[in-house]
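Report on one structure; see the data block that follows.
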Amino acid sequence: MAASADERTLVWCTGISGSQRTDYVNEAAEAIRAEGRSCLVIDIGDLLEQVPEHLKVGASRTELLDGNEDLLRLHRSYALQNMLRMIEETEADVVLVSTHACFMRNGRLMPGLDMHFIKEHFAGRISAFVTVVLDTPDVWRALAQRPEWAGRLRLAEVALWRDFEVALTRMLAEYEGAPFYLLARRDPAESLARLTRRPPAPSAYLSYPITAILQSGSTALIEGARTLAARLRDEAGLVVFDPLSIEDLPQTKEGVSPDDASAEDESGTPPISAEMEHEAEPYLVS
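Spelled out as structure tokens, the structure:
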């Protein structure tokens with residue numbers, strides 16, 4: 290039986306470029322379908338590329354960010370109208386909207402959301418807001434492999450962008466009176482699937498002396514914490530928030546080997562220097 294608009298779960302999912310947000314959302318959609326519920330994923334980036342040819346500027350969505358902001362707003366308005374139509378027409382039980390809260394590019398921070406549009410069409414309709422996060426070195430390396438992003442951002446700017454993405458999404462959730470969840474890409478996408486249930490699956494936040502564990506150098510303690518998280522997910526069906534899933538936060542990055550952080554990866558991406566890490570540290574989400 291198709292879900293009515295009142296019964297439908299609508300989740301707004303944000304995350305910066307390179308965070309693997311799209312993959313995470315699609316994996317969550319598959320998990321939702323595996324539970325016997327229908328799910329529609331709407332990627333705003335894909336809709337931006339469907340703008341009619343006579344309105345297009347540049348060959349890719351990223352080129353919009355380097356152009357006239359009025360044209361960017363025009364493209365976004367077209368994409369959002371298409372999104373609204375898709376949401377109104379779908380019979381899916383769950384709709385996951387994948388988008389950005391903001392953009393950081395060439396030293397400029399730009400909005401990725403149309404607040405007026407959300408207020409006008411979605412006030413009280415969004416079930417939850419989610420931001421998908423990945424370690425900033427991993428994001429920086431991923432962006433360095435994309436021609437449209439290579440050389441555009443320093444590591445510190447990636448960290449700052451992630452910080453703003455989280456803060457803006459959280460603020461929007463508070464304004465809408467909806468729950469906000471910070472989900473690590475390293476964790477299973479089933480977490481998001483479970484949060485879309487009605488009611489959402491119960492959750493647990495693992496709290497333990499992270500700094501002491503990491504400084505002890507005991508991998509057994511870390512593995513024990515991760516084993517506990519896995520058991521709570523697999524056996525108890527909980528949504529588990531594990532701070533160790535984000536390894537570059539101030540309280541967890543001590544556990545990352547310097548060799549792991551500075552080594553050139555297999556794709557040939559330049560190493561991350563100590564100077565880059567020092568510059569980025571003030572902007573890491575705490």
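Take the position in the sequence shown, starting the count at 1, then add 289; the result is the number in my numbering. Where a beta carbon is used, it is the ideal one built from N, C-alpha and C, also for glycine.
Check, Outcome
"Segment contact flag, the segment 432-448 with the segment 486-502, C-beta cutoff 8 Å, min 3 pairs", "no"
"Option in T298, L402 and G440 with minimal Cα separation from I333", "L402"
"Cβ neighbours of W429 in the same chain (closer than 6 Å, five flanking residues each side left out)", "L444 and V447"
"Every unbroken beta strand (DSSP E) inside the segment 306-385 [3 residues or more]", "328-332"
"Residue span of the beta strand (DSSP E) that contains R515, given as start and end", "Not the beta strand (DSSP E): R515 falls in the alpha helix (DSSP H), residues T508 to D523."
"Length of the line joining the Cα atoms of L336 and L484", "26 Å"
"Bridge partner(s) assigned by DSSP for Y497", "Looking at the DSSP assignment, Y497 forms no beta bridge with any residue, so it has no partner."
"Paired residues, beta bridge with V300 - DSSP", "L385 and A417"
"Backbone secondary structure at R459 - three-state DSSP", "helix"
"Neighbourhood of R515 by C-beta, 8 Å cutoff - its chain only, sequence neighbours within 5 removed", "D531 and L533"
"Beta-bridge pairing of R394 - partner residues as DSSP gives them", "R397"
"Whole-number beta carbon distance between V422 and C302, since they are thought to touch under 8 Å", "About 12 Å separates the two Cβ atoms, so there is no contact after all."
"Alpha-carbon to alpha-carbon, L363 and L329", "25 Å"
"Proximity below 8 Å, CB of G304 to CB of E454", "yes"
"Chain-order list of residues whose beta-carbon lies under 6 Å from that of V340 (same chain, five-residue window excluded)", "H364 and Y367"
"Secondary structure of L484, DSSP reduced to three states", "helix"
"Distance between S306 and M393 (C-alpha atoms, nearest Å)", "9 Å"
"Collapsed DSSP secondary structure at L472 in the structure displayed", "strand"
"Beta-carbon contacts of L510 that lie in its chain and below 7 Å, excluding the five residues immediately before and after", "I502"
"Cross-strand partners of F530 (DSSP beta bridge)", "Y494"
"R487 classed as buried or exposed, judged by whether at least 16 other C-beta atoms fall within 10 angstroms", "exposed"
"Proximity of L461 and H410 at Cβ, strictly below 8 Å", "no"
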